[in-house]
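J.:
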Amino acid sequence: MDNSKIIYPQPLADGDTIAICSPAGSVDPLKVFEARRVLEQQGWKVRIMPHALGEHGIYSASDDERLGDMTAALTDPEIRAVLCSRGGYGVVHILEQLDTIDMTRDPKWIIGYSDISALHALTAKKGIASIHASMCDHIRHGADDEDNAMLFRILRGERPVVTFPSCTRYDRPGTASGRLIGGNFAVLNGLIGTPYDIFKPGIILFIEDISEPIYKIERMLYQLQLSGVLEKLGGLIVGQFTRYTPDKSYDTMEEMIWEMVAPYSFPVAFNVPIGHVDHNIPVIENATVTLKVTATPTNSLITWAN
């Protein structure tokens, strides 16, 4: 799908309302309240949805309650963006029901990462741009934080160039244009073969994960290879893979991924600050971008099509 067919939610203006939902795991209420304060300082109103601060096993609420909060947020004309409070697990429980909502009539910015990658897959199916970015735990640190500042610029309608240091050991230099889409690799891999499968030829794919052993990420990449998807990528952005240990085959996740993509020619950027880390660059999912990976220790970059 080219950029002209992607629907972009309207930029947020002063006084617009952001809803905070918890479509997956339960969240520390203090983090939500502190994030609300930061967003209100930006001139926006904040509505914490009724079940956002609840607890139901490992989830914030029952499936019906989480679905109800998300449905209300996505269909209320006063709400212009939906900030997910945290990830965890549970979005997949309500994905089919959310798919019945006509989100294209009045699209909202959906913001989050980790398990929220399933929501980004839903917006991709519908042809709507969304924002892969940090949630309440990070937003509460304030507008002086560079990632928060970039997120707020995106919400206001800007398209700041994304730059990151080149990783000359593993990077494969080159330039490619295509739809930028990705997120948590395990979540997205679990959607393969469903209506929310994001792995399409020509995309600029970005991946990240946490607490996954090297062999499991390798198995996910083999799934893409055996299905013929890996060789047809337009480009690959390898984000942060955290909380894993070396194994007898590989010392690092990057070494394994580098070997997996060695037969192909598309540009690859490693060690990009996207994922479960303090410096988690916001990016616009489903937008058409140009990825430029440089061969020298300068900045590689992502630029956005107009």
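All residue numbers for the sequence shown refer to the working numbering, where the first residue is 49 and numbers rise by one.
A virtual CB, placed ideally from N, CA and C, is assigned to each residue, including glycine.
Just so it is clear, the structure is predicted and the values come from calculations on it, not from any experiment.
1) Quick one: what's got a C-beta closer than 8 Å to F314's C-beta in the same chain, skipping five residues either side?
2) In its own chain, which residues sit with a C-beta less than 8 Å from the C-beta of N347, not counting the 5 before and 5 after it?
3) Alpha carbon to alpha carbon, how far is P155 from H99?
4) Should K340 go down as buried or exposed, given a rule of 16 or more other Cβ atoms within 10 Å for buried?
5) Assuming S110 and G73 form a contact by the criterion Cβ under 8 Å, report the distance between their Cβ atoms to the nearest whole angstrom.
6) In chain order, what residues of the same chain have a beta carbon less than 8 Å from the beta carbon of P294, not counting five sequence neighbours either side?
7) Determine the burial state of V130: buried for a count of at least 16 other Cβ atoms within 10 Å of its Cβ, exposed for fewer.
8) Return the residue from the list D257, V325, D326 and S275 that minimises the CA-CA distance to I305.
9) Within 10 angstroms of its Cβ, does A244 collect 16 or more other Cβ (buried), or is it exposed?
10) Do you know whose CA, among E126, V325 and Q90, lies nearest R201's CA?
11) Within 10 angstroms of its Cβ, does V106 collect 16 or more other Cβ (buried), or is it exposed?
12) Please report the distance separating the alpha-carbon of D117 from that of F289.
13) Would you say G230 and I265 are within 9 Å of each other, going by their C-beta atoms?
14) Grab me the residues of I251's own chain with a C-beta within less than 7 Å of its C-beta, minus the 5 sequence neighbours each way, in chain order.
15) Cβ atoms of V86 and A67: under 9 Å apart, would you say?
16) Between the alpha carbons of M49 and S178, how many angstroms are there, rounded?
17) Measure from the alpha carbon of D64 to the alpha carbon of each residue in N328, T242, E126 and L122, then state which is nearest.
18) Using C-beta distances below 8 Å, list every residue in its chain close to G175, excluding the 5 sequence neighbours before and after it, in chain order.
19) If you draw a straight line from the C-alpha of Q273 to the C-alpha of E113, how long is it?
20) On the DSSP bridge list, what partners appear for D257?
T.: Let's see:
1) For the purposes of this step, residue 314 is taken as the residue at position 266 of the sequence shown. So the qualifying residues of the chain are R220, G222, A224, L281, G282, G283 and L284.
2) For this step, residue 347 is matched to residue 299 along the sequence shown. T211, F212, P213 and S214, listed in sequence order.
3) Counting from 1 along the sequence shown, the entry for residue 155 is found at position 107. Counting from 1 along the sequence shown, the entry for residue 99 is found at position 51. Roughly 22 Å separates the two Cα atoms.
4) Taking the sequence shown and counting its residues from 1, one reaches residue 340 at position 292. Buried, by the Cβ-count rule.
5) In the sequence shown, residue 110 corresponds to position 62, counting from 1. In the sequence shown, residue 73 corresponds to position 25, counting from 1. Actually they are not in contact, since the Cβ atoms of S110 and G73 sit about 13 Å apart, beyond 8 Å.
6) Taking the first residue of the sequence shown as position 1, residue 294 is located at position 246. Around P294: I262 and T300.
7) By one-based count along the sequence shown, residue 130 stands at place 82. By the neighbour-count rule (16 or more Cβ atoms within 10 Å), V130 is buried.
8) Position 257 of the sequence shown, counted from the first residue, corresponds to residue 305. Checked all of D257, V325, D326 and S275; the closest Cα to I305 is D257.
9) Looking up residue 244 in the sequence shown gives position 196. Looking at the sequence itself, residue 244 is Tyr, so the reference to Ala does not match. Buried, by the Cβ-count rule.
10) To locate residue 201, count along the sequence shown from 1; it is residue 153. With distances taken between Cα atoms, R201 lies closest to Q90.
11) Locating residue 106 in the sequence shown gives position 58, where the first residue counts as 1. A quick correction: the sequence has Ile, not Val, at residue 106. Exposed: under 16 other Cβ atoms inside 10 Å.
12) Translated into positions along the sequence shown, residue 117 becomes position 69. Translated into positions along the sequence shown, residue 289 becomes position 241. So the alpha carbons of these two residues sit roughly 31 Å apart.
13) Stepping through the sequence shown from its first residue, residue 230 is reached at position 182. Stepping through the sequence shown from its first residue, residue 265 is reached at position 217. Not closer than 9 Å, so no.
14) Position 203 of the sequence shown, counted from the first residue, corresponds to residue 251. Correct list, in chain order: G226, R227, I229, L281 and G282.
15) Mapped onto the sequence shown, residue 67 falls at position 19. Mapped onto the sequence shown, residue 86 falls at position 38. No, the Cβ-Cβ distance between A67 and V86 is not below 9 Å.
16) In the sequence shown, the residue the question calls residue 49 occupies position 1. In the sequence shown, the residue the question calls residue 178 occupies position 130. Reliability fails at M49, whose pLDDT of 40 lies under 50, so the model's placement of it is uncertain and no value is given.
17) For the purposes of this step, residue 64 is taken as the residue at position 16 of the sequence shown. Measuring from the Cα of D64, the nearest candidate turns out to be E126.
18) By one-based count along the sequence shown, residue 175 stands at place 127. Closer than 8 Å at Cβ, skipping near neighbours: M49, K53, I54, I55, T152 and N334.
19) As a working mapping, residue 273 is identified with position 225 in the sequence shown. As a working mapping, residue 113 is identified with position 65 in the sequence shown. Their backbone Cα atoms lie some 39 Å apart in a straight line.
20) Taking the first residue of the sequence shown as 1, we reach residue 257 at position 209. Paired residue(s): F289.
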